[in-house]
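Q: Chains as they are written, first to last, in the numbering used here: chain A, 27 to 332; chain B, 12 to 236.
Each residue gets a CB set at the ideal place from its N, CA and C atoms; glycine is no exception.
Model, not experiment: these values are computed from the prediction.
First the structure, then my questions, so here it is.
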C-alpha cells in the first residue's frame, strides 16, 4: 500500500514535470481562476470598507435653543446614550461650534465679516448622534417625536433635529448598501463559476490527449487506482503551483492598490493582504488543490471504464 | 489455452468475424494472416476483452473472458503481454520506466524491478537506451522496448498485432527472432501479420482469415492467400 502510494505520487510528479508546456498552460489557467477568486475577495473587502466609511459619515444632529443650560443638554446626552441603537453621542458647546465655524470659513472673509456684524454667538449647542446601523436613525429620531424618553422640558430646549432633512440621503444609502452587497455576491458567484468551468475544461482536454496512454495502461494490466492516481497527483500539483504563483502575484498587486486606492476605498489593500496573508494563502491552496484534484479525477474516470 | 466457439463480431452492419471456431494450446506459436480488414485485429481485441463478441464465446483456460468483472479483467490482462504495430509506449516515461510500469502495476517490489528491468533490456539489446524517451528511439528500438514490456511480467501468452508492420526487413527479422526465443522458453505467442517472408521463414502454425472466416489452418503453414 505504501509502495503503491509512493509510486503514484512519484509518477504524478514526473508526469507534471515532464509535460512541460502542457503543465505550464494548466498552471496559467488555474492561476487566472485563483486570481479571480482572490480579486473578488479583495473587491468585497474594499466594498465593505468603503460602505463602512460612508456609514460613518451619516449622523443625526440635535440643535438646541440658544442659551440652553449645559446641564440640560448633558441630561439629554446621557438619556440618548442609554438607547440600544446609539453608538455614540458627541456634545459640541456653542463656543466650540463657533470656533469650528470660524476655522471652516477661515478663508471666507465675507462670511466672517457677517458673523462679526451679528455681535455675539448665533450658534446653539449641538449633540451629534451616531447609530450602530444606518437603518436605526429613524427610530432614534422618533425618540424626539414623543418626549417621554427625556426629562420634562427637554423638548422645549430642542431647536430642531436634522434627521428629516437627511432622511432621503440615508434611505438611499441603505438601498445602495444592500444592493451593492447583493450584486457583488451574484457577480462573484457567476465569475467564479465561469473560471471553474474553464479550468475544469482545460484539465479535461489535457487528459483527453492522454486517453490512448490510459488505454495502454489498462492493457498492460494496471488497476484503476494506479492509472487514476498519478493524474490526480498532477492535478493537485497544478493547484499547488498556481496557489504559490497567485499569492506571489498579489504582493505587487496589493502594493499598487495600496498606493493608488487607499483614499478611495478607505483601506490599504497591502496592509489587509499582509494581515490576512496566511488565511488567503490557505484559501488559494485549498481551492487550487480541490479544483485540480477533482477535475482530474472526473476527467480520467471516463477513460478507464474498461 | 484459448478457445473460440462460434464467434461472430459485427460492427453495426459490418461483419468482421463470422462463426470462427479454433483453439490454441499452451506453448504454441500461432500466426494469423490475412488481408487488411480480414479480421485479424478484431480477433486480438476479442482475446484482450477490448471488444465483446456479438455471438459465441471466448475462453481463456476455463474462464469466459467476456463475463469477467473489472478487477478480474485487470488480473487476466496481467497474464497477457501485448505488442502493437504502433508500439503504444508511454510517451512521458523512459524506456526503463515503461518496463517498470508494467511491473509496478502488478505490484512487484522495487528490488524485483531493479533486478529484472536491466536484465530484460539486455535481452532486447536496449541496455544503452534505458534512459531514453520513446521519441528518442528508432522504430526497431521502440518495438523491442514494447516486447520487453510485454515479457517482463512473465505472461502466459504474448499477442503481437502486426509487430513488424512499421519496421524495415532487418528490424522485422530481429523482432520475430525475439518472439521465437520467447516461445522457445514456453510462452504461447499469437502473431498477426501480412508479411509473407516472416511467415514463410517461421515454419509454425498458420491460421488464414478471409472476410472474417477461417479459410485455412495448417500445422506448418505458408503465406497463401
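(1) In the DSSP assignment, find the alpha helix (DSSP H) that holds residue 96 of chain A and state where it starts and stops.
(2) Would you identify the three-state DSSP class for residue 216 of chain B, choosing helix, strand or coil?
(3) Leaving aside the five residues before and after residue 290 of chain A along the sequence, list all residues of the same chain whose C-beta is less than 8 Å from its C-beta, in chain order.
(4) Check the Cβ-Cβ distances between residue 332 of chain A and every residue of chain B, and say whether any is below 8 Å.
(5) Within the segment 129-176 of chain B, note down every full alpha helix (DSSP H) run reaching 4 residues or more, in order along the chain.
(6) Could you tell me which residues DSSP puts in a beta bridge with residue 272 of chain A?
(7) Does the CB of residue 75 of chain B have a neighbour CB from chain A at under 8 Å?
(8) Determine the direct distance from the alpha carbon of residue 221 of chain A to that of residue 225 of chain B, and round the result to whole angstroms.
(9) So, is residue 167 of chain A buried or exposed, given that buried needs 16 or more other C-beta atoms within 10 angstroms?
(10) Less than 7 Å between C-beta atoms, sequence neighbours within five positions excluded: which residues of the same chain meet that for residue 37 of chain B?
(11) Using only alpha-carbon positions, find the residue among A:204, A:118, A:257 and A:205 that is nearest to residue 322 of chain A.
(12) Considering only residues of the same chain and omitting the five flanking positions on each side of residue 146 of chain B, which have a CB-CB separation below 8 Å?
(13) Who pairs with residue 15 of chain B in a beta bridge, going by DSSP?
(14) Assign residue 26 of chain B to one of three DSSP states: helix, strand, or coil.
(15) What does the Cβ neighbour count give for residue 215 of chain A, buried or exposed, with the cut at 16 atoms within 10 Å?
(16) Let's test the definition: count the other Cβ atoms within 10 Å of the Cβ of residue 139 of chain B and tell me whether it reaches 16, buried, or not, exposed.
(17) I believe residue 312 of chain A touches residue 266 of chain A by the beta-carbon criterion, under 8 Å. Please report the beta-carbon distance rounded to the nearest angstrom.
(18) Considering Cα atoms alone, identify which of B:117, B:236 and B:157 is closest to residue 132 of chain B.
(19) Which residues in the same chain have their Cβ closer than 6 Å to the Cβ of residue 107 of chain A, if we skip the five residues on either side of it in sequence?
(20) Give the interface partners of residue 85 of chain B over in chain A, defined as CB-CB distance under 7 Å, in chain order.
(21) Go through its chain and collect everything with a Cβ distance to residue 152 of chain B's Cβ below 7 Å, but skip five positions before and after it.
(22) Quick one, are the C-beta atoms of residue 17 of chain A and residue 149 of chain A less than 8 Å apart?
(23) Beta carbons nearer than 9 Å to chain B: which residues of the segment 250-266 of chain A have them?
(24) Using a Cβ cut-off of 9 Å, which residues of the segment 225-246 of chain A contact any Cβ in chain B, in chain order?
(25) According to DSSP, is residue 328 of chain A helix, strand or coil?
(26) Relative to the alpha-carbon of residue 207 of chain B, which residue among B:92, B:236, B:79 and B:115 has its alpha-carbon at the smallest distance?
(27) Can you tell me whether DSSP reads residue 44 of chain B as helix, strand or coil?
(28) Quick one: what does DSSP say residue 254 of chain A is sitting in, helix, strand or coil?
(29) Name the DSSP bridge partner or partners of residue 221 of chain B?
(30) At 8 Å on the CB atoms, spell out the chain A contacts of residue 102 of chain B, in chain order.
(31) Determine the DSSP secondary structure at residue 49 of chain B, reduced to helix, strand or coil.
(32) Would the beta-carbon of residue 90 of chain B fall within 8 Å of that of residue 168 of chain B?
(33) For the beta strand (DSSP E) containing residue 155 of chain A, list its first residue and its last residue.
(34) Taking 8 Å as the CB-CB cut-off, is residue 59 of chain B touching chain A?
(35) Compare the Cα-Cα distances from residue 293 of chain A to each of A:49, A:30, A:72 and A:55 and report the closest residue.
(36) Is the beta carbon of residue 210 of chain A sitting closer than 8 Å to the one on residue 70 of chain A?
A: On the basis of the supplied data:
(1) Segment 96-107, the alpha helix (DSSP H) holding residue 96 of chain A.
(2) Three-state DSSP puts residue 216 of chain B in a strand.
(3) Counting only Cβ-Cβ distances below 8 Å, and skipping sequence neighbours, we find 76.
(4) Residue confidence is low: residue 332 of chain A scores 49 on pLDDT, short of 50, so the model does not pin down where it sits. Its coordinate-derived value is still stated next. Yes, its Cβ sits closer than 8 Å to a Cβ of chain B.
(5) If you keep only unbroken alpha helix (DSSP H) runs of at least 4 residues inside the segment 129-176 of chain B, you get 150-162.
(6) Bridge partners of residue 272 of chain A: none, in fact.
(7) No, its Cβ sits nowhere closer than 8 Å to a Cβ of chain A.
(8) Taking the straight line from one Cα to the other gives about 56 Å.
(9) Around the beta carbon of residue 167 of chain A, a 10 Å sphere encloses 16 or more other beta carbons of the protein chains shown; the residue is thus reported as buried.
(10) Only 12 and 199 meet the Cβ criterion.
(11) Nearest C-alpha to residue 322 of chain A among A:204, A:118, A:257 and A:205: A:257.
(12) Answer for residue 146 of chain B: 102, listed in chain order.
(13) According to DSSP, residue 15 of chain B bridges with B:33 and B:69.
(14) Reduced to three states, the DSSP call for residue 26 of chain B is strand.
(15) Residue 215 of chain A is exposed by the Cβ-count criterion.
(16) Counting of Cβ neighbours within 10 angstroms places residue 139 of chain B among the exposed residues, the total staying below 16.
(17) Wrong, their Cβ atoms sit about 11 Å apart, outside the cutoff.
(18) Looking at the Cα atoms, B:157 is the closest of the given residues.
(19) Its chain contains 115 as the residues whose beta carbon lies nearer than 6 Å to that of residue 107 of chain A, once the 5 sequence neighbours on both sides are disregarded; these appear in chain order.
(20) Taking a Cβ-Cβ cut-off of 7 Å, the neighbours of residue 85 of chain B in chain A comprise 247 and 249, given in sequence order.
(21) Result list for residue 152 of chain B: 137 and 140, in chain order.
(22) Nothing can be reported for residue 17 of chain A: it is not among the residues displayed for chain A, which extend from 27 to 332.
(23) Under the 9 Å Cβ criterion, the segment 250-266 of chain A contributes 250, 252 and 253.
(24) Along the segment 225-246 of chain A, the positions whose C-beta sits under 9 Å from a C-beta of chain B are 236, 238, 239, 241, 242, 243, 244, 245 and 246, read in chain order.
(25) When secondary structure is reduced to three states using DSSP, residue 328 of chain A falls in the coil class, being assigned neither helix nor strand.
(26) Checked all of B:92, B:236, B:79 and B:115; the closest Cα to residue 207 of chain B is B:236.
(27) Strand.
(28) In this structure, residue 254 of chain A counts as helix in the three-state DSSP scheme.
(29) B:224, per the DSSP bridge assignment.
(30) Contact annotation for residue 102 of chain B against chain A: 239 [CB-CB distance below 8 Å, chain order].
(31) Coil, per DSSP.
(32) At a Cβ-Cβ threshold of 8 Å, residue 90 of chain B and residue 168 of chain B count as neighbours.
(33) Note, residue 155 of chain A: beta strand (DSSP E), 152-157.
(34) Output row for residue 59 of chain B: interface = yes.
(35) For the residues A:49, A:30, A:72 and A:55, the minimum Cα distance to residue 293 of chain A belongs to A:72.
(36) Residue 210 of chain A places its beta carbon less than 8 Å from that of residue 70 of chain A.
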